[in-house]
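Residue numbers (this note's numbering): 21 to 336.
I have placed the structure first, in the form of structure tokens, so that the comments after it can refer back to it.
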């Protein structure tokens, strides 16, 4: 086991250099980046093991089975992610073998894309993967990238990936809000999990409304570049930001779970219910209506926890 000098013994001149680098946005040496990388990432929310966790610089802070948040952005495209191997609990920080943030072409960082385009990829076809139930699914899973302000840490914009299992719930939640002419950034959303599911399946529930005194501040965040970074529309290095210290005293984030190996299909395979009613742009256009229900008062009060933290965040 390797030992190291206690950080508490760092002399003043080294501490001053560290502080200067942090003020400048990091500044790891080439030697450091060669081993651990440059740490270039944005804050994310993990749903590993059915718990919401705030993740920064590979260190995670567990929050719980629910999380109050304001949804401030969503990638307009359905993203894709593909793992060639089954989940290995002994492997750390497993990256997908192929992925696309826009659902059109593989990301530029993918070293060996499965296909030049998502539309013609054999892994992006229902039936390329068969669930244990015998239902047809996809080897390359659909997902949506969203940006949220979390009550647990409202000082920044977090990115969160909604897997295909939660996309239907997200769509239905947004339709419900739209029926009253409400935008998601105007409400406080309780993120939870479906108790009946055997895996982390995200649920969405309106918990109240964003207080009037904070609406303008939220609107500015919605229009900002940090939201575009969090939903994977802009690269991380496109936005200038100061270094943020990682949460302390928490375990390292574990490798993401991959889907189980395919099993033999049933005689007449059904379709994975998560894909059953996924709308196409054509079906969405055919069902959109301009008729809105009359807005009503909030059924419940705004989250006192989030409101208090917003007061502190925006200085009101």
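Quick reminder that beta carbons are idealized off the backbone N, C-alpha and C, glycines included.
Since we're looking at a predicted model, the values are computed, not measured.
| said: Which residue marks the beginning of the beta strand (DSSP E) containing residue 101, and which one marks its end? | reply: As a working note, residue 101 is residue 81 in the chain shown. Where residue 101 is concerned, the enclosing beta strand (DSSP E) stretches over 99-102.
| said: Can you confirm whether the segment 129-142 touches the segment 204-216 when touching is taken to mean that 3 or more C-beta pairs between the two stretches lie within less than 8 Å? | reply: no
(Q) Could you check whether residue 158 and residue 123 sit closer than 7 Å to each other, using their CB atoms as the reference points? (A) To locate residue 123, count along the chain shown from 1; it is residue 103. To locate residue 158, count along the chain shown from 1; it is residue 138. Against a cut-off of 7 Å, the Cβ pair of residue 158 and residue 123 comes out as no contact.
**Asked** Which two residues bound the contiguous alpha helix (DSSP H) that contains residue 175?
**Response** Within the chain shown, numbered from 1, the residue matching residue 175 stands at position 155. Per DSSP, residue 175 belongs to no alpha helix (DSSP H); it is in the beta strand (DSSP E), 173-183.
query = Going by alpha carbons, who is nearest to residue 232 out of 205, 220, 38, 41?
reply = For the purposes of this step, residue 232 is identified with residue 212 of the chain shown, where counting begins at 1. For the residues 205, 220, 38, 41, the minimum Cα distance to residue 232 belongs to 205.
Problem set entry | Proximity below 7 Å, CB of residue 102 to CB of residue 143 | Mapped onto the chain shown, residue 102 falls at position 82. Mapped onto the chain shown, residue 143 falls at position 123. Yes, the pair counts as a contact, with Cβ atoms nearer than the cut-off.
| query | Skipping 5 residues on each side, what residues in its chain have a beta carbon closer than 7 Å to that of residue 164? | reply | Here residue 164 refers to the residue found at position 144 when the chain shown is read from its first residue. Correct list, in chain order: 94, 95, 98, 99, 182, 187, 190.
Expressed to the nearest angstrom, what Euclidean distance is found between the alpha-carbon atoms of residue 328 and residue 230?
As a first step, residue 328 is located in the chain shown; it is residue number 308 there, counting from the start. As a first step, residue 230 is located in the chain shown; it is residue number 210 there, counting from the start. If I take the Cα positions, the gap works out to 11 Å.
**Item:** Reference residue 162; option with closest CA among 169, 185, 134
**Value:** For the purposes of this step, residue 162 is taken as the residue at position 142 of the chain shown. Nearest option by C-alpha distance: 185.
Under a three-way DSSP split, which group does residue 190 fall into?
Along the chain shown, one-based indexing puts residue 190 at 170. Helix at residue 190.
Requested in this report: Name the two residues that bound the continuous beta strand (DSSP E) containing residue 66.
Outcome: By one-based count along the chain shown, residue 66 stands at place 46. Per DSSP, residue 66 belongs to the beta strand (DSSP E) from 64-66.
* Asked: Grouping DSSP H, G and I as helix and E and B as strand, with all else coil, what is residue 227?
  -> By one-based count along the chain shown, residue 227 stands at place 207. Strand at residue 227.
message: Quick check on residue 204: does DSSP put it in helix, strand or coil?
response: In the chain shown, counting from the first residue as 1, residue 204 sits at position 184. Note: residue 204 maps to helix in three-state DSSP.
- Is the beta carbon of residue 92 less than 7 Å from the beta carbon of residue 169? As a position in the chain shown, residue 92 is number 72, starting the count at 1. As a position in the chain shown, residue 169 is number 149, starting the count at 1. In contact: residue 92 and residue 169 (Cβ atoms closer than 7 Å).
**Prompt:** Should residue 62 go down as buried or exposed, given a rule of 16 or more other Cβ atoms within 10 Å for buried?
**Reply:** Translated into the one-based positions of the chain shown, residue 62 becomes position 42. Label assigned to residue 62: buried.
*So, is residue 37 buried or exposed, given that buried needs 16 or more other C-beta atoms within 10 angstroms?*
The residue labelled residue 37 in the question sits at position 17 within the chain shown. Residue 37 is exposed by the Cβ-count criterion.
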